[in-house]
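A.B. asks:
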Amino acid sequence: MAKVYKLTAARLKELQDEMVWMKTVREKEVADLIKEARSFGDLSENSEYDEAKNEQGKLYSRMAEVEDILSNYEILDESEFDAATIHPGCFVKVVALDMGNKELEYKIVGSQEADPMNGCISEESPFGRALMGKRVNDSVMVEAPAGAMHYTIISIR
1 MAKVYKLTAA
11 RLKELQDEMV
21 WMKTVREKEV
31 ADLIKEARSF
41 GDLSENSEYD
51 EAKNEQGKLY
61 SRMAEVEDIL
71 SNYEILDESE
81 FDAATIHPGC
91 FVKVVALDMG
101 NKELEYKIVG
111 SQEADPMNGC
121 ISEESPFGRA
131 LMGKRVNDSV
141 MVEAPAGAMH
151 YTIISIR
């Protein structure tokens, strides 16, 4: 069974726009690169040709990935969730008990939108799974490479 990707409407639009760009603009650019590199002669020692073919491979790989997402997605409808519990699309503020009661804020997102460096945590990550369905004042323990981490939820919005 194919994996179902959970997306916000905004992320779906971004992926659709990316696919249009790849098929209309980028694919032509890469074809032009290959054509130009072929004009340099012997393909066996032509690094420009090799690079252009590698770029084409990356493009087709990304197109296949986006196509898979666009054929197996589910739009997250925030109205389906209880506002008092953690769900995709909400912002969560926690206190990291193992880090000197440091306050941290995250947005819970689908796996395609995850960006931990910018505070967007996937609902499928260990931390995201531990938070799902919890309420304010609940305690959460997450297994991490450094050991068990303990958090207390202080707000959900």
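Just so you know, we're using the numbering used here here: the sequence shown kicks off at 1 and counts up by one. The beta-carbon is built from N, C-alpha and C at its ideal position, and this holds for glycine as well. Please read all numbers here as calculations on a predicted model, not as lab measurements.
Pull the bridge partners of Lys159 from the DSSP assignment, please.
C.D. replies: A question about residue 159 goes unanswered here, because the residues of the chain that appear run from 1 up to 157.
A.B. asks: Which class does Ile154 belong to by DSSP, given the choice of helix, strand or coil?
C.D. replies: Here residue 154 corresponds to residue number 154 of the sequence shown, with the count starting at 1. If DSSP states are grouped into helix, strand and coil, Ile154 belongs with the strands.
A.B. asks: Would you list the residues sitting across from Ala148 in a DSSP beta bridge?
C.D. replies: In the sequence shown, residue 148 corresponds to position 148, counting from 1. BP columns for Ala148 point to Glu143.
A.B. asks: Assuming Gln112 and Ile156 form a contact by the criterion Cβ under 8 Å, report the distance between their Cβ atoms to the nearest whole angstrom.
C.D. replies: Position 112 of the sequence shown, counting from 1, holds the residue named residue 112. Position 156 of the sequence shown, counting from 1, holds the residue named residue 156. Going by Cβ atoms, the distance from Gln112 to Ile156 rounds to 22 Å, so no, they are not a contact pair.
A.B. asks: Closest by CA to Ile75, which one among Met99, Glu29 and Arg11?
C.D. replies: Numbered from its first residue, the sequence shown carries residue 75 at position 75. Of the listed residues, the one whose Cα sits closest to Ile75 is Arg11.
A.B. asks: Could you check the C-alpha separation between Asn118 and Ala9 for me, to the nearest Å?
C.D. replies: In the sequence shown, counting from the first residue as 1, residue 118 sits at position 118. In the sequence shown, counting from the first residue as 1, residue 9 sits at position 9. So the two alpha carbons sit approximately 20 Å from each other.
A.B. asks: Quick one: what does DSSP say Asp17 is sitting in, helix, strand or coil?
C.D. replies: For the purposes of this step, residue 17 is taken as the residue at position 17 of the sequence shown. Here DSSP, grouped into helix, strand and coil, assigns Asp17 to helix.
A.B. asks: Figure out for me which residue from Gln56, Glu51 and Gln16 has the closest Cα to the Cα of Ser71.
C.D. replies: In the sequence shown, counting from the first residue as 1, residue 71 sits at position 71. Checking every option, the nearest Cα to that of Ser71 belongs to Gln16.
A.B. asks: Quick one: what's got a C-beta closer than 7 Å to Val66's C-beta in the same chain, skipping five residues either side?
C.D. replies: Counted from its first residue, the sequence shown places residue 66 at position 66. These residues qualify, in order along the chain: Leu15, Glu18 and Met19.
A.B. asks: Can you tell me which of the three DSSP states Ile86 falls into?
C.D. replies: Walking along the sequence shown from the start, residue 86 turns up at place 86. The three-state secondary structure of Ile86, taken from DSSP, is coil.
A.B. asks: Can you tell me which of Thr152, Ala52 and Gly128 puts its alpha carbon nearest to the alpha carbon of Asp138?
C.D. replies: Start at 1 with the first residue of the sequence shown, and residue 138 comes out as number 138. Ranking the options by Cα distance to Asp138, first place goes to Thr152.
A.B. asks: Evaluate the contact criterion for the stretch 89-109 versus the stretch 118-129: three or more CB pairs, one atom per stretch, below 8 Å.
C.D. replies: yes
A.B. asks: Whose C-beta lies closer than 6 Å to the C-beta of Met22 among residues of the same chain, with five residues either side of it excluded?
C.D. replies: Translated into the one-based positions of the sequence shown, residue 22 becomes position 22. Within the same chain, Met22 has close Cβ partners Met63.
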